[in-house]
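Protein chains in written order, with our numbering: chain A, 3 to 109; chain B, 3 to 109. Every residue, glycine too, gets a C-beta built ideally from N, C-alpha and C. Here's the structure, in structure tokens; my notes come after.
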DNA sequence: TTACTATTTGACCAAATAGCCAAATAGTTG
DNA sequence: CAACTATTTGGCTATTTGGTCAAATAGTAA
């Protein structure tokens, strides 16, 4: 792989990496339902608010979500619904795995 | 988030994490074209063969690919084509970004 | 059996990531 | 302006990940 190609794959990996965290998956799925402010997400997630804020920054930099400041609050919303397709793919794998584990158990 | 839910999201994150690496994206896209042995992939990628092997193990554990040993060689193939949907989503984001950067440049 | 090829595994180090706390920033309200 | 609320940023440590080398494993062939 030459340098140019490597950079291209790295850029794509960075985007995927943004979804590769339990909290960030949760956030994306919440935002599917509509915009949420940081404090609402923080309450659902339960981590320190600075931690939640950093996760949001990662999703935003990757391009999955965008923010809108209104008064004191900042509302985040999903702007790449295609992220959900992939989350579905991960779910599908988990389901297959569960079925397989069950098959083993019943042997 | 309770413990059970957290585990569920972590399991999904582990699957997505498997795709969150330039080399592993490359591998999945190669396997889309058909099965490949480790040595073929190693040659295309250029990293140490043990490195490639570890990337393959990660994709296999996640459930994206499977292996078939025939003689000395081990052939890997893709068994979750839905992975490609997501890789497409990452591509789309990159394209949007490029269009946006261009717009800024032309202002 | 010995030598050879393909691949995986383990030990190790360097770099990246995650989470928490404290401090900084920005907007609001009295 | 001072006090307050919502959020981000910086600094720190602990954990995870990625890569390399050497050794182990497995199949083949002489």
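Review point. In chain B, which residues lie less than 9 Å from residue 75 of chain A when you measure between Cβ atoms?
Key: Position 73 of the first chain holds residue 75 of chain A. Here the premise fails: no neighbours, minimum Cβ distance about 22 Å.
Check your understanding: Would a check of beta-carbon distances place residue 67 of chain A closer than 9 Å to chain B?
Key -> On the first chain, residue 67 of chain A is found 65 positions in, with the first residue counted as 1. Taking Cβ atoms only, chain B never reaches closer than 9 Å to residue 67 of chain A, which makes this a no.
Point to revise | Other residues of its chain near residue 34 of chain B: CB distance less than 8 Å, five sequence neighbours each side excluded | key: Numbered from 1 along the second chain, position 32 holds the residue referred to as residue 34 of chain B. Around residue 34 of chain B: 80, 83 and 86.
Point to revise | Burial state of residue 53 of chain A (16 or more Cβ within 10 Å) | key: Working through the first chain from its first residue, we reach residue 53 of chain A at position 51. Result: exposed.
Check your understanding: Which one of A/21, A/60, A/102 and A/39 has the shortest CA to CA distance from residue 90 of chain A?
Key -> Here residue 90 of chain A refers to the residue found at position 88 of the first chain. Cα-wise, what sits closest to residue 90 of chain A is A/21.
Check your understanding: Where residue 23 of chain B and residue 29 of chain A are concerned, what is the direct C-alpha to C-alpha distance, given to the nearest angstrom?
Key -> In the second chain, counting from the first residue as 1, residue 23 of chain B sits at position 21. In the first chain, counting from the first residue as 1, residue 29 of chain A sits at position 27. Computed Cα separation, rounded: 22 Å.
Exercise for review: Take residue 14 of chain B as the anchor and find which of A/55, A/105, A/97 and A/71 has the nearest alpha-carbon.
Suggested key: Walking along the second chain from the start, residue 14 of chain B turns up at place 12. The residue with the shortest Cα to Cα distance from residue 14 of chain B is A/97.
Check your understanding: Using CA coordinates, which residue listed in A/11, A/103, A/63 and A/49 is at the minimum distance from residue 25 of chain A?
Key -> If you number the first chain from 1, residue 25 of chain A lands on position 23. Of the listed residues, the one whose Cα sits closest to residue 25 of chain A is A/49.
Point to revise | Classification of residue 18 of chain A by the beta-carbon crowding that lies within 10 angstroms, buried from 16 upward | key: Sequence index remark: in the first chain, residue 18 of chain A carries index 16 (1-based). Classification of residue 18 of chain A: buried, given that the 10 Å Cβ count is 16 or more.
Review point. For residue 28 of chain B, which of helix, strand or coil comes out of DSSP?
Key: Reading the second chain from its first residue, position 26 is the one you call residue 28 of chain B. Of the three classes helix, strand and coil, the one that applies to residue 28 of chain B here is helix, per DSSP.
Point to revise | Residues in the region 80-102 of chain A having any Cβ partner in chain B nearer than 8 Å | key: 82, 84, 85, 87, 88, 89, 90, 91, 92, 93, 94, 95, 96, 98 and 99
Practice item. Determine the extent of the alpha helix (DSSP H) in which residue 71 of chain A is found, giving its start and end residues. Key: The residue labelled residue 71 of chain A in the question sits at position 69 within the first chain. From DSSP, residue 71 of chain A is part of no alpha helix (DSSP H) but of the beta strand (DSSP E) over 67-72.
Exercise for review: Take residue 70 of chain B as the anchor and find which of B/16, B/39, B/47 and B/93 has the nearest alpha-carbon.
Suggested key: Taking the second chain and counting its residues from 1, the one referred to as residue 70 of chain B is at position 68. The option with the nearest alpha carbon to residue 70 of chain B is B/39.
Point to revise | Whole-number beta carbon distance between residue 78 of chain B and residue 95 of chain B, since they are thought to touch under 8 Å | key: Mapped onto the second chain, residue 95 of chain B falls at position 93. Mapped onto the second chain, residue 78 of chain B falls at position 76. Not really, about 27 Å apart at Cβ, beyond 8 Å.
Check your understanding: Helix, strand or coil for residue 75 of chain A per DSSP?
Key -> Your numbering for residue 75 of chain A matches position 73 in the first chain. Strand.
Check your understanding: Buried or exposed: residue 65 of chain B, going by 16 or more other Cβ atoms within 10 Å of its Cβ?
Key -> Counting from 1 along the second chain, the entry for residue 65 of chain B is found at position 63. Result: buried.
Review point. Is any beta-carbon of chain A found at less than 9 Å from that of residue 48 of chain B?
Key: Sequence index remark: in the second chain, residue 48 of chain B carries index 46 (1-based). Chain A, which has a Cβ nearer than 9 Å to the Cβ of residue 48 of chain B, makes this yes.
Point to revise | Interface partners of residue 14 of chain B on chain A, CB under 9 Å | key: Numbered from its first residue, the second chain carries residue 14 of chain B at position 12. Ordered by position in chain A, the residues that pass the 9 Å Cβ test against residue 14 of chain B are 24, 27, 89, 92, 93, 95 and 96.
Check your understanding: Is it right to say residue 60 of chain B is buried, meaning 16 or more other beta carbons lie within 10 angstroms of its own, or is it exposed?
Key -> Translated into the one-based positions of the second chain, residue 60 of chain B becomes position 58. Residue 60 of chain B should be labelled buried.
**Study point:** Limits of the alpha helix (DSSP H) - the one that residue 42 of chain B falls within
**Key:** Counting from 1 along the second chain, the entry for residue 42 of chain B is found at position 40. Run containing residue 42 of chain B: 40-47, per the alpha helix (DSSP H) assignment.
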